[in-house]
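Written out below as structure tokens is the structure these notes cover.
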Amino acid sequence: MMRPEVGDRRLLFIISYHHACNDGALIALVALIPILVDDLDLSYTEVGVLGLGLLITVVVQLVVGRAADRSFSRYLLELGALLMGLSFVLVLFISDFTGLFLAVILMRVGASFYHPVGITWITREYSGPYLDTALGIQSGIGNFGVIAALASSGFLGEMFGWKAPCILWAVLNMVAVVLGLALTRERTPASGYRRADSTVSAKHTLSKVGRLGAPLAAGGVLYGVTTYYGPVNLTTMHGWGAGAADLMFAVWLAVGTISSYSYGRIRARLGRETIVRSGYVLSIAALVALYLVSDWYLIVPVLVLFGATMFLTYPALFALVSERTGLEERGTAFGMVFSFQLGGGAAVVYLCGLVADAYGDPSYAFLVAAAFTGASLLTFFGRSDGSGTGG
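With the numbering used here applied, the sequence shown closes on residue 445, and no number is skipped along the way.
What follows is the structure, given as structure tokens:
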């Protein structure tokens, strides 16, 4: 008989595959920004406006998370993947910034489903020591989708035009819909799950997770600023090709993926809070280094250190949220979690666009992100959730 804390590995696979398609599709378009800046004549401010589209996700996923608590549905992930695929079909027919922004809005609506539904499902299905491992696995597979998008989109865009990667990710998301419908049709709510009722208020849930808001927002800022402005900084300021620039940051994600798979063991030795604190300190140092250097032999070690530490902070923070909340409010909780994360990322990505235009240099975005992360980290020092070295 399967141990309850381990759960169904097949379910973990399909949820993780949705994560890969969701995040891979999002980053595929971001990876094309160096090409879009030239082909659609985008300014850095318009690049920031595209990042501001994350606010759509912030609003929608709060609704999705609350709905997931009120009524269990195995099809919400498939709905999100379907909308993601359709958004890339729409991209095929655009020729200016306005059309691109409309496609991004639909894409962000679709992206609103995975995190409050997928992460919640995992935290409900898996418990005990395996929870950290399951969170690390889904994070790592999600990162693999992002690596694939970053490593391929720039090169495909240079060879076949920037719409070619969009076709690829439309197909992959449709495959996620088919697989999800086939493999989860018999699923029922996890043992111990009960529907949220009127006594489980969103305000009560916010009181449990709100203190983690600033560190969660910093995670969104680190990811958003690095992906939006890292490659375009190398192409516009240092003469790199789009494919080569994207590949550098695919290294960053590859290292992050490897460290995510190791999260369960690392957490057992260091503790969740230590992982978050040290990860953010080293991320700040990496951002400052990226502002200063542009040679590949200097960038690679910086990105290796950055990826190895930053991507461990995500499952650590998610586990802290899971530890603080009950099964019946997880959808609401993770809707809030990713609103903090994406809302912070969207606002700072837009601010970075304004700063980059003001100075005519996208590398200034790294300094803005470093400053925000430092301020957020101050709210995390001195806290204790009882996680210690083994919590």
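Positions of the beta carbon are idealized from the N, C-alpha and C atoms, including for glycine. Quick caveat, the model's predicted, so the values are computed rather than measured.
Neighbour-count burial assignment, residue i, 16 or more Cβ in a 10 Å radius
{"i": "VAL225", "result": "exposed"}
{"i": "THR152", "result": "exposed"}
{"i": "MET291", "result": "exposed"}
{"i": "ASP300", "result": "buried"}
{"i": "ALA271", "result": "buried"}
{"i": "SER417", "result": "buried"}
{"i": "ALA387", "result": "buried"}
{"i": "LEU346", "result": "exposed"}
{"i": "TYR413", "result": "exposed"}
{"i": "ALA308", "result": "buried"}
{"i": "GLY407", "result": "buried"}
{"i": "THR253", "result": "Residue confidence for THR253 is low, a pLDDT of 48 falling below 50, so the modelled location carries little weight and cannot support an answer."}
{"i": "ASP186", "result": "buried"}
{"i": "ARG64", "result": "exposed"}
{"i": "ALA250", "result": "Model confidence at ALA250 stands at a pLDDT of 48, short of 50, so the residue's coordinates are unreliable; what they give is reported in the following sentence. With 16 or more Cβ atoms within 10 Å of its Cβ, ALA250 is classed as buried."}
{"i": "SER206", "result": "buried"}
{"i": "ARG321", "result": "buried"}
Contact set for residue i: own chain, Cβ-Cβ below 6 angstroms, skip 5 residues either direction
{"i": "GLY440", "result": "Here GLY440 scores only 43 on pLDDT, less than 50, and its place in the model should not be relied on; the value that follows carries that caveat. Closer than 6 angstroms at the Cβ level, and outside the excluded window around GLY440, lies no residue."}
{"i": "SER193", "result": "SER314, TYR368 and PRO369"}
{"i": "VAL462", "result": "Past the edges of the chain, shown from 55 to 445, lies residue 462, and the structure says nothing about it."}
{"i": "PHE142", "result": "CYS220, TRP223 and ALA224"}
{"i": "LEU156", "result": "none"}
{"i": "VAL158", "result": "LEU104 and GLY107"}
{"i": "PHE420", "result": "LEU341, LEU344 and TYR345"}
{"i": "LEU154", "result": "ILE148"}
{"i": "THR111", "result": "ARG162, ALA165, SER166 and LEU396"}
For residue j and residue i, believed in contact at Cβ under 8 angstroms, the rounded distance
{"i": "LEU204", "j": "ALA304", "result": "4 angstroms"}
{"i": "GLY139", "j": "ASN227", "result": "4 angstroms"}
{"i": "LEU82", "j": "PRO219", "result": "In the sequence under discussion, the amino acid at residue 82 is Ala, which differs from the Leu named in the question. The Cβ separation is near 5 angstroms, so the contact holds."}
{"i": "LEU90", "j": "TRP294", "result": "That pair is no contact at about 16 angstroms."}
{"i": "VAL103", "j": "VAL275", "result": "17 angstroms between Cβ atoms; not a contact."}
{"i": "LEU260", "j": "ALA373", "result": "Wrong, their Cβ atoms sit about 19 angstroms apart, outside the cutoff."}
{"i": "GLY208", "j": "GLY284", "result": "Rounded, the Cβ-Cβ distance is 12 angstroms, inconsistent with contact."}
{"i": "PHE434", "j": "PRO269", "result": "5 angstroms"}
{"i": "LEU137", "j": "LEU160", "result": "6 angstroms"}
{"i": "VAL84", "j": "THR281", "result": "5 angstroms"}
{"i": "GLY78", "j": "GLY199", "result": "3 angstroms"}
{"i": "LEU357", "j": "TRP306", "result": "4 angstroms"}
{"i": "LEU371", "j": "GLY273", "result": "7 angstroms"}
{"i": "ILE176", "j": "LEU86", "result": "Actually they are not in contact, since the Cβ atoms of ILE176 and LEU86 sit about 30 angstroms apart, beyond 8 angstroms."}
Spatially closest choice to residue i from the options, by CA coordinates
{"i": "LEU288", "options": "LEU65, ASP415 and ALA79", "result": "ASP415"}
{"i": "ASN197", "options": "LEU80, ALA429 and TYR418", "result": "LEU80"}
{"i": "VAL354", "options": "ASP93, LEU405 and MET302", "result": "MET302"}
{"i": "PHE360", "options": "PHE372, GLY407, ILE312 and LEU374", "result": "ILE312"}
{"i": "SER166", "options": "GLY397, LEU432 and THR433", "result": "GLY397"}
{"i": "ILE69", "options": "HIS258, ALA236, PHE420 and GLY310", "result": "ALA236"}
{"i": "GLU88", "options": "GLY172, LEU116, GLY333 and GLU212", "result": "Looking at the sequence itself, residue 88 is Pro, so the reference to Glu does not match. Nearest C-alpha to PRO88: GLU212."}
{"i": "GLN395", "options": "ILE338, LEU357, ARG319 and VAL113", "result": "VAL113"}
{"i": "GLY333", "options": "LEU381, GLU377 and LEU431", "result": "LEU431"}
{"i": "GLY380", "options": "LEU136, HIS258 and VAL286", "result": "HIS258"}
{"i": "ARG120", "options": "TYR129, VAL84, ASP95 and ALA256", "result": "ALA256"}
{"i": "SER376", "options": "THR174, LEU96, ARG323 and LEU109", "result": "THR174"}
{"i": "ASP150", "options": "LEU66, ALA410 and GLU100", "result": "GLU100"}
{"i": "ILE195", "options": "GLY172, PHE214 and GLU179", "result": "GLY172"}
{"i": "LYS262", "options": "SER316, ILE329, TYR351 and ARG384", "result": "ARG384"}
{"i": "GLY267", "options": "LEU86, VAL118 and MET390", "result": "MET390"}
{"i": "VAL286", "options": "VAL117, PHE426, SER348 and THR177", "result": "SER348"}
{"i": "TYR129", "options": "LEU94, THR238 and GLN115", "result": "THR238"}
{"i": "TYR184", "options": "SER316, VAL330 and ALA202", "result": "SER316"}
Min CB distance residue i to chain B below 7 angstroms
{"i": "PRO219", "result": "Chain labels in this structure do not include chain B; a single protein chain is all it has."}
7 angstroms CB neighbourhood of residue i in its chain, flanking five on each side removed
{"i": "TYR168", "result": "HIS72, HIS73, ASN76, LEU131 and GLY134"}
{"i": "ALA424", "result": "ILE338, LEU341 and VAL342"}
{"i": "MET364", "result": "LEU276, GLY310, GLY333 and SER337"}
{"i": "GLY318", "result": "ASP186, THR187 and GLY190"}
{"i": "TYR98", "result": "GLY407, ALA410, ASP411 and PRO416"}
Cutoff 8 angstroms; reference residue i; Cβ partners in own chain excluding five residues on either side
{"i": "ALA362", "result": "VAL309, GLY310, ILE312 and SER313"}
{"i": "LEU405", "result": "GLY102 and VAL422"}
{"i": "VAL335", "result": "LEU431"}
{"i": "ALA429", "result": "ALA268"}
Closer than 6 angstroms: residue i CB and nearest the ligand GDP heavy atom
{"i": "ALA296", "result": "As for the ligand GDP, it is missing from this structure, which has no ligand bound."}
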